[in-house]
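**Q**
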Amino acid sequence: MKRFTITLIACLAVAWLLSGERFLDSVFEMVDLGQVDDIIIERVIWLEERKASLGLPDVFGAIRQSLHNVLGLG
Amino acid sequence: MVFPTLQFIVFFFCVLALNGMVWSRPVWRKAMLIAASYVFYAAWDVRFLALMIGVSLIAWLAGIGVTKPALRTFSKVTSITLLILTLGVFKYFNFFMLSFSQLLEGTAFARDLQWISIILPVGISFYIFQAISYVMDVDRGDVPVRRNATDVFLFISFFPQLVAGPIVRAAHFLPQIDNPKAPDRAARALAIILILMGLFKKMVVANYLSVLIVDPVYALPDGQNMITATAAMLGYAIQIYCDFSGYSDIAIGIALLLGYEFHRNFNQPYRAHSLRNFWQRWHISLSTWIRDYLYIPLGGNVGGALRSGIIVVLTMTLAGLWHGAGWNFLLWGFVHGAGLAVERMFRARNFALPYWLAVFVVFVIVCLLWVPFRAADFYETKAMFTALFTLDGFAPAELSATIWGLIAVGFVINILPMQWLGRSQAILSHAPASVQAVILAIGVWGIFAAAQDGVAPFIYFQF
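Those sequence lines, one after another, are chains A and B.
Using the numbering used here, you'd call the opening residue of the first sequence number 1334 and step up by one each time.
Using the numbering used here, you'd call the opening residue of the second sequence number 5 and step up by one each time.
1. In chain B, what lies closer than 7 Å to A:Ser1386 by C-beta?
2. Please classify B:Arg311: is it buried, with 16 or more other beta-carbons within 10 angstroms of its beta-carbon, or exposed?
3. What distance in whole Å lies between the Cβ atoms of B:Arg192 and A:Phe1337, which are believed to be in contact at a cut-off of 8 Å?
4. Give me, in chain order, the residues of the same chain whose beta-carbon lies closer than 6 Å to that of B:Ala66; leave out the 5 immediate sequence neighbours on both sides.
5. Assuming B:Glu109 is part of the alpha helix (DSSP H), what are its boundary residues?
6. From this set, B:Gln440, B:Leu344, B:Ala259, which residue's C-alpha is nearest B:Asn169's C-alpha?
7. Give me the subset of the segment 436-449 of chain B whose CB atoms are less than 9 Å from a CB atom of chain A, sorted by chain position.
8. Could you give the residue range of the alpha helix (DSSP H) that holds B:Ser433?
9. Output, in sequence order along the chain, the residues in the segment 1341-1352 of chain A whose CB is closer than 7 Å to any CB in chain B.
10. Looking at the secondary structure, which residues open and close the alpha helix (DSSP H) in which B:His327 lies?
11. How is the alpha helix (DSSP H) around B:Met5 delimited, first residue to last?
12. For the alpha helix (DSSP H) that B:Leu335 lies in, which residues bound it at each end?
13. Between B:Glu347 and the rest of its own chain, which residues show a CB-CB distance below 7 Å, the 5 nearest in sequence each way excluded?
14. Tell me the start and end of each unbroken alpha helix (DSSP H) in the segment 127-182 of chain B that is at least 4 residues and wholly inside, in chain order.
15. Straight-line CA distance for B:Leu392 to B:Leu318?
16. So what does DSSP say about B:Asn269, is it helix, strand or coil?
17. Buried or exposed for B:Trp424, going by 16 or more other Cβ atoms inside 10 Å?
18. If you run the structure through DSSP and keep just helix, strand and coil, what is B:Asn211?
19. Under a CB-based cut-off of 8 Å, is B:Thr319 close to chain C?
20. Return helix, strand or coil for B:Asp49, following the three-state DSSP convention.
21. Determine, using beta carbons only, whether B:Leu37 and B:Ile171 come nearer to each other than 8 Å.
22. State the start and end residues of the unbroken alpha helix (DSSP H) segment that holds A:Met1334.
23. Quick one, which of B:Val209, B:Ile13, B:Ala54 has its alpha-carbon nearest B:Gln456's?
24. Quick check on B:Tyr383: does DSSP put it in helix, strand or coil?
25. Just to confirm before moving on: does the CB-CB distance between B:Ile451 and B:Ile196 stay below 8 Å?
26. Could you tell me whether the segment 177-190 of chain B touches the segment 341-358 of chain B, where touching means 3 or more Cβ pairs closer than 8 Å?
27. Given a cut-off of 8 Å, decide if B:Phe162 and B:Leu178 are closer than it, judged by their beta-carbon atoms.
28. With H, G and I counted as helix, E and B as strand and the rest as coil, what does DSSP make of B:Lys206?
29. I'd like to check one pair, B:Ser137 with B:Ala174: are the Cβ atoms closer than 8 Å?
30. Using 10 angstroms around the beta-carbon of A:Leu1341, count the other beta-carbons present and answer buried if the total reaches 16, otherwise exposed.
31. Using 8 Å as the limit for Cβ to Cβ distance, is A:Arg1376 near chain B?
32. Counting only Cβ pairs nearer than 9 Å, list the residues of chain B close to A:Ile1396.
33. For B:Ala21, which residues in chain A fall below 8 Å Cβ to Cβ?
34. For the alpha helix (DSSP H) that A:Ser1399 lies in, which residues bound it at each end?
35. What whole-angstrom Cβ distance do B:Thr321 and B:Gly341 have, given they're in contact under 8 Å?
36. Between B:Arg144, B:Tyr222, B:Phe99, which has its C-alpha nearest B:Ile334's C-alpha?
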């Protein structure tokens, strides 16, 4: 179970790297946690800036676009 | 906090990791799960956490009380009354005041009786039902009393099923609190399939049907043509099934990953060949709860056909009211009850339709009864039925292939032989843990990509 959990957490990190700014959007949609909220947002913005400097593609956005076009969703 | 959100994913991964760390320490494990459940619930509205803690406290104290001969009746009556009153105040107060106010309208006693507006706490019907069942089961001797408060508090608040079921029974869940089963490959495989299936049903099928056909038609039912109204009716039948069974699937899956097993809550309900069979397949945990704690105590099958018919109608009417404080829910429950009573009469005379005709007739009845269930009021219900039964030369409806496609997917989910689940589980069971995790992650990622923007709440949250 340990390996399963660790792999899932690693996958979350990869998903974050390849999902554009969606994680940042989700953080802003979170319940207001007061001061904790500010710390989380500050950290996520810092991470997002590091990620942006890597110039990774928004794979999630591309898959989403293709799926919606093919299936007529949206 | 809603399941299909990034917020929940992060929360659940933290709980999963912590659960693994404290697995061999029961006291810490229970405390961690209670704390996680309270965080999960407080994410909606922290004020209602006190209510849930209060309900848990009542159940725990009453459980101890009913085991003492001198306190048995007092504990049982007081706790059940308190729990039902709590549900009544939060869920039905506004409805009764509004109905009473409307009744007085036009008379000399007309008053504005809506003194206060009470917000409905999420999942209140579910956790109060669990609390009632715990007290009654201990009283009947079906479940040994739990003197340790954390056991009862965890039973009532366990987050996977906290807000929309399945309604878990103490006899099934409490022994698992002491000895949860570490999820092996097979359990993980089943959990992955259930989570992905549940997310797909909710985020793709239910949400798109809601936006593309159901909500627009129900918002303006006047003047809709027959085809559009039929598509909306079918769309809602699939939407509510995929929405609610989707939630149950995810709940069962995530509980399984934490080491706890829940019973199945849906079993392809639109394959039912009678209304009785439908209720054996739809929201099974509620149907059995109502049978054990309402129908049987009211008299059940004891007595003549008329007496048991009245009891079934009364039980189903109350079940309708459980779904929501509104006359439309009452009507829905009453007609289901009447249908069950009529069906019994036919069965007693050995009258039966051919199997597939029976499945079709039951499906049509269930779909028609979803109309008052979905409609906001009687006016909307009437407008929808008018549209459904007005022959307008089958005027071409501007319905996209996507809508019919989604309805078809919903039907396929209902008629697919259940062996597929066992076979998929067997295949996935061979994969190592890390591969299983990657499959789950890719599946969730893909479903999120196909889903709409924004988070649509689950329909059963309001119940």
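Backbone N, C-alpha and C define an ideal beta-carbon position, used for all residues, glycine too.
Model, not experiment: these values are computed from the prediction.
**A** A quick look at the data gives this:
1. Result: empty, since nearest Cβ-Cβ is about 22 Å, beyond 7 Å.
2. Per the 10 Å Cβ criterion, exposed.
3. Indeed they touch by this definition, with Cβ atoms about 6 Å apart.
4. Excluding sequence neighbours, B:Ala66 sits near Ser79, Ser83, Val139.
5. Element bounds for B:Glu109: n/a, residue is neither H nor E.
6. Before going further, note that residue 169 of chain B is Gly rather than Asn in the sequence given. Its Cα nearest to that of B:Gly169, the residue B:Ala259 stands out among B:Gln440, B:Leu344, B:Ala259.
7. Answer set for the segment 436-449 of chain B: Pro436, Ala437, Ser438, Val439, Gln440, Ala441, Val442, Leu444, Ala445, Ile446, Val448, Trp449.
8. For B:Ser433, the enclosing alpha helix (DSSP H) starts and ends at 423-433.
9. Considering only beta carbons, the part of the segment 1341-1352 of chain A lying closer than 7 Å to chain B consists of Leu1341, Ile1342, Cys1344, Leu1345, Ala1348, in chain order.
10. Taken as a continuous stretch (DSSP letters only), the alpha helix (DSSP H) holding B:His327 covers 309-327.
11. It is not in any alpha helix (DSSP H) - B:Met5 carries neither H nor E in the DSSP assignment.
12. Its alpha helix (DSSP H) spans residues 331-352.
13. Within the same chain, B:Glu347 has close Cβ partners Ser278, Leu279, Arg280.
14. Runs of the alpha helix (DSSP H) inside the segment 127-182 of chain B: 128-144, 153-161, 174-182.
15. Distance between B:Leu392 and B:Leu318, taken at the CA atoms: about 29 Å.
16. Looking at B:Asn269 - three-state DSSP - the assignment turns out to be coil, as it is neither helix nor strand.
17. With a 10 Å radius around the Cβ and a threshold of 16 neighbouring Cβ atoms, B:Trp424 comes out exposed.
18. Here B:Asn211 sits in helix by DSSP.
19. Any reference to chain C falls outside this structure, whose protein chains are A and B.
20. In the three-state DSSP reduction, B:Asp49 falls in the coil class, being neither helix nor strand.
21. Contact: no.
22. Element bounds for A:Met1334: n/a, residue is neither H nor E.
23. The shortest C-alpha separation from B:Gln456 is found at B:Val209.
24. Three-state result, B:Tyr383: helix.
25. With a cutoff of 8 Å on beta-carbon distance, B:Ile451 and B:Ile196 are scored as not near each other.
26. No, they do not touch.
27. Taking 8 Å as the Cβ cut-off, B:Leu178 and B:Phe162 do not qualify as a contacting pair.
28. The answer is helix: DSSP assigns B:Lys206 an H, G or I state.
29. Contact flag set, yes.
30. Looking at its Cβ environment, which holds 16 or more other Cβ atoms inside 10 Å, A:Leu1341 is buried.
31. With respect to chain B, the C-beta atom of A:Arg1376 has no partner C-beta closer than 8 Å.
32. Within chain B, the residues near A:Ile1396 are Trp449, Gly450, Ala453, Ala454.
33. Simply Thr1338, Ile1342.
34. Per DSSP, A:Ser1399 is one residue of the alpha helix (DSSP H) stretching across 1392-1404.
35. Rounded to whole angstroms, the Cβ separation of B:Thr321 and B:Gly341 is 6 Å, and the two are in contact under 8 Å.
36. Per the sequence shown, residue 334 of chain B should be read as Leu rather than Ile. Taking only the C-alpha atoms, the option nearest B:Leu334 is B:Phe99.
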